[in-house]
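J.: Structure provided below as structure tokens; questions to follow.
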Amino acid sequence: MDPPERVTLSASFEEVDVDVLVQLIADMMERLMAHNDRIPLSPEGLTRFHSRTAPGISILDYLRRIVRFTKVERSCLLITLHYIDQICARFPSFTLSSLTCHRFVITAVVVSTKALCDAFCTNNVYARVGGIPVGELNMLEREFLRMIDWSLTCTCEVLQEYYASLVRTHSGGTYIIVGTESESSISSDSEMDYEVAPSRPATPPAAGPNRPQASTILVDAASVPQEPPRPPTVEQNMAYAAFQEAHSRRARDGDG
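Counting in UniProt numbering, the sequence shown runs from 1 upward without gaps.
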């Protein structure tokens with residue numbers, strides 16, 4: 001079988017076609033979700049970003065919808081990956097899965113556009129585009145800001161490295177950046193590994209030696225203060241019980 005035809009992309013993320021960037025980000029997120037969906041959900045892992053069921057729209061189509069109706073800038077799309085890494089480093093129980101990805105993405109777009117752009121949409125618009133009530137989006141925005149500790153910006157160089165990583169690790173091997181041969185500017189012995197990597201390398205699995213650990217894109221653990229693990233709250237336990245009951249009821253209905 002002939003190797004896939006390579007598509008050469010701009011060296012700068014600011015000049016790449018926005019739909020290509022969306023495809024690259026969606027490809028990374030799909031791989032994260034496929035890995036993290038294997039991790040059993042526990043009460044302490046339940047967050048406001050969890051849906052009871054996975055949305056019926058793919059993350060690729062969801063990102064395209066956001067771009068179409070909000071004209072979100074490339075930097076705001078790329079920094080979503082930085083937010084994932086930072087939040088997963090601060091809160092190891094959080095994972096980007098099929099139950100959290102869509103709500104996380106629309107919230108990340110809301111806060112990034114407000115932090116990085118001179119003009120942005122209202123939360124009413126973002127809520128309609130994201131398919132959630134505006135009151136719920138407001139709550140998610142507050143929770144997101146708390147989890148990220150209001151650290152909403154990063155350098156252009158960091159975003160550029162995320163872009164290079166997306167191109168290098170694309171599952172289809174389709175893209176290459178101008179002037180490279182599928183390799184990014186980061187050497188293999190860099191302090192930062194931009195492959196999909198465990199976010200908790202020093203933490204043993206909670207149950208069983210074969211339990212998978214959550215994955216993120218990049219974690220520079222030394223730069224992010226770690227919070228001590230906290231037991232599940234009463235609210236989390238109640239939400240988890242309702243979550244399990246809903247799944248059990250759907251399973252019974254399916255069997256019937």
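Just so it is clear, CB atoms sit at the ideal spot from N, CA and C, and this is done for glycine as well.
None of the values given here were measured: they were computed from a predicted structure.
So the alpha helix (DSSP H) Ile87 belongs to, where does it begin and stop?
T.: Element bounds for Ile87: 74-90.
J.: At what residue ranges does the stretch 114-181 contain a whole run of the beta strand (DSSP E), taking only runs of 3 or more?
T.: Counting only runs of 3 or more, we get 175-177.
J.: So the candidates are Leu152, Ser12, Asp27; which of them puts its Cα closest to the Cα of Gly173?
T.: If we check each option's Cα against that of Gly173, Asp27 comes out closest.
J.: Since Val18 is in the alpha helix (DSSP H), which residue starts that stretch and which ends it?
T.: Element bounds for Val18: 18-36.
J.: Check whether the Cβ atoms of residue 297 and Phe13 lie closer than 8 Å to each other.
T.: The structure shown does not extend to residue 297, since the chain spans only 1 to 256, so no value can be given for it.
J.: Exposed or buried, which one is Ser187 when buried takes at least 16 other CB atoms within 10 Å?
T.: With a pLDDT of 33 at Ser187, under the threshold of 50, the modelled position of this residue cannot be trusted; read the value that follows with caution. With fewer than 16 other Cβ atoms within 10 Å, it is exposed.
J.: Distance check for Leu46 and Gly135, CA to CA, integer angstroms please.
T.: Answer to the nearest angstrom: the Cα atoms are 20 Å apart.
J.: Sorted by chain position, which residues of the same chain lie with C-beta nearer than 7 Å to Ser223's C-beta, five sequence neighbours on each side aside?
T.: Low local confidence applies: a pLDDT of 42 at Ser223 is under 50, so the model's placement there is unreliable, and no value is given.
J.: Whose C-beta lies closer than 7 Å to the C-beta of residue 264 among residues of the same chain, with five residues either side of it excluded?
T.: The structure shown does not extend to residue 264, since the chain is modelled only from 1 to 256, so the question has no answer here.
J.: Assign Gln226 to one of two classes, buried (16 or more other C-beta atoms within 10 Å of its C-beta) or exposed (fewer than that).
T.: Because the pLDDT at Gln226 is just 46, under 50, the model does not fix this residue reliably, and the value given afterwards should be weighed accordingly. The residue in question, Gln226, is exposed, as its Cβ has fewer than 16 Cβ neighbours within 10 Å.
J.: Assuming Asn123 and Val110 make a contact with CB atoms under 8 Å, what is their CB distance in whole Å?
T.: The pair is a contact, with the Cβ atoms about 7 Å apart (cut-off 8 Å).
J.: In the DSSP assignment, find the unbroken beta strand (DSSP E) run with Glu9 in it and report its ends.
T.: Contrary to the premise, residue 9 reads as Leu rather than Glu in this sequence. It spans 7-9 - the beta strand (DSSP E) in which Leu9 sits, taken as one unbroken run.
J.: In terms of alpha-carbon separation, which member of Glu161, Leu166, Lys114 lies closest to Leu152?
T.: The shortest C-alpha separation from Leu152 is found at Lys114.
J.: Going along the chain, which residues of its own chain have a beta-carbon closer than 7 Å to the beta-carbon of Val72, five neighbours each way excluded?
T.: Excluding residues within five positions, the ones whose Cβ falls inside 7 Å are Ile66, Val109, Thr113.
J.: Can you check which of these residues, Phe120, Leu24, Arg74, Ser98, is closest to His35 by C-alpha distance?
T.: The shortest C-alpha separation from His35 is found at Ser98.
J.: Taking a contact to mean a Cβ-Cβ separation below 8 Å, would you say Gly130 touches Ile106 in this structure?
T.: Yes; because the gap between Cβ atoms is below 8 Å, this pair is in contact.
J.: Using only CA atoms, which one of Cys121, Arg90, Ile84 lies nearest to Ile25?
T.: The option with the nearest alpha carbon to Ile25 is Ile84.
J.: Can Cys121 and Thr70 be called in contact, C-beta distance under 8 Å?
T.: Yes, the Cβ-Cβ distance between Cys121 and Thr70 is below 8 Å.
J.: Hey, how far is the Cα of Val18 from the Cα of Glu157?
T.: Taking the straight line joining both Cα atoms gives about 18 Å.
J.: Indicate whether Ile39 and Cys101 have their beta-carbon atoms separated by less than 8 Å.
T.: Taking 8 Å as the Cβ cut-off, Ile39 and Cys101 do not qualify as a contacting pair.
J.: Helix, strand or coil, according to DSSP, for Pro43 in the structure here?
T.: Pro43: helix per DSSP, three-state reduction.
J.: Is it buried or exposed for Leu218, if we count other Cβ within 10 angstroms and need 16 for buried?
T.: At Leu218 the pLDDT is 48, less than 50, meaning the model places this residue with poor confidence and gives no usable figure here.
J.: Where Leu63 and Gly56 are concerned, what is the direct C-alpha to C-alpha distance, given to the nearest angstrom?
T.: Cα-Cα distance, rounded: 13 Å.
J.: Could you check whether Leu96 and Leu166 sit closer than 8 Å to each other, using their CB atoms as the reference points?
T.: Going by C-beta atoms, Leu166 is not nearer than 8 Å to Leu96.
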